[in-house]
Amino acid sequence: MSLPFIREAMTQLFSKPSTEAYPAEPKDAFPNYRGRISFDADKCIDCGMCERVCAGGAITKKVEETPEGKRITRMFSLDSCTFCACCADFCSRHAITLTSDYHMVARNSKDLLTAGTYVKKAPAKPAAAKVITPVRDNLKPAVGNGIVAQDGGQ
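Letter by letter, the sequence shown follows residues 49 to 202 in the numbering used here.
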């Protein structure tokens with residue numbers, strides 16, 4: 049009885065493993081890797097461009113009216129995101145960036161939600177305009193004021 053795999057098993061038993069110990073020793077992502085979305089709410093001007101270009105529909109917003117203005121919460125659902133970076137490319141204020149974080153394992157979808165809240169202030173109401181009425185007492189009639197017609201008065 050010949051066991052051809054015993055020799056291979058004994059060789060592999062005492063050799064260095066060919067796999068990596070990922071959870072114990074996390075590796076850095078490759079350059080230009082598009083990972084978890086980072087959102088800076090202070091830079092956002094609420095143009096909505098990111099929402100329009102998102103093919104996966106991963107970007108939504110929730111608006112609440114408050115006394116100081118509209119409270120806007122912009123949410124990025126990473127379980128629907130395709131990580132195409134169109135939202136970051138179209139953001140004129142660079143409020144959206146994609147990090148190199150690839151550790152996105154979660155038990156529920158709420159853990160894969162990135163959100164930012166900002167207040168869009170209501171425009172200031174302009175002061176009541178002062179109405180200036182012209183004084184008509186000093187006006188003289190146009191007839192007989194010394195103006196000669198161009199056609200010679202005929």
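For glycine and all other residues, C-beta sits at the position ideal for the given N, C-alpha and C.
Cβ-Cβ separation, residue j to residue i (assumed contact under 8 Å), whole Å
i    : j    : result
D94  : K168 : 5 Å
Y150 : Y70  : That belief does not hold up - the Cβ atoms of Y150 and Y70 are roughly 11 Å apart, past 8 Å.
Contact under 8 Å by Cβ, residue i with residue j
i    : j    : result
C102 : C139 : no
S148 : G83  : yes
I107 : Y166 : no
E99  : K109 : yes
Minimum C-alpha distance to residue i - residue among the options
i    : options                : result
D88  : V179, G164, H151, G105 : G164
K173 : T59, T162, E116        : E116
D127 : F78, R141, A154, T121  : A154
L160 : Y166, T145, M123, T181 : M123
M152 : A170, T108, F131, R141 : F131
C92  : S63, D76, H142         : H142
I133 : E112, T114, M97, K118  : Contrary to the premise, residue 133 reads as Ala rather than Ile in this sequence. With distances taken between Cα atoms, A133 lies closest to M97.
I85  : P52, D137, P171, T67   : D137
K118 : P171, A57, L61, D76    : P171
G104 : C129, E113, T114       : C129
Where residue i falls, given that 16 or more other Cβ within 10 Å makes a residue buried
i    : result
S125 : buried
A175 : exposed
I54  : exposed
L146 : buried
G72  : The question names Gly, but residue 72 in the sequence shown is Ala. Exposed is the call here.
I144 : buried
I180 : exposed
Closer than 8 Å to chain B by CB, residue i
i   : result
D94 : The chain inventory of the structure shown lacks chain B, comprising one protein chain alone.
Beta strand (DSSP E) segments (min. 3 residues) lying fully within the region 81-108
85-87
May I have a chain-ordered list of the alpha helix (DSSP H) segments no shorter than 4 residues that lie completely inside the region 125-160?
134-138
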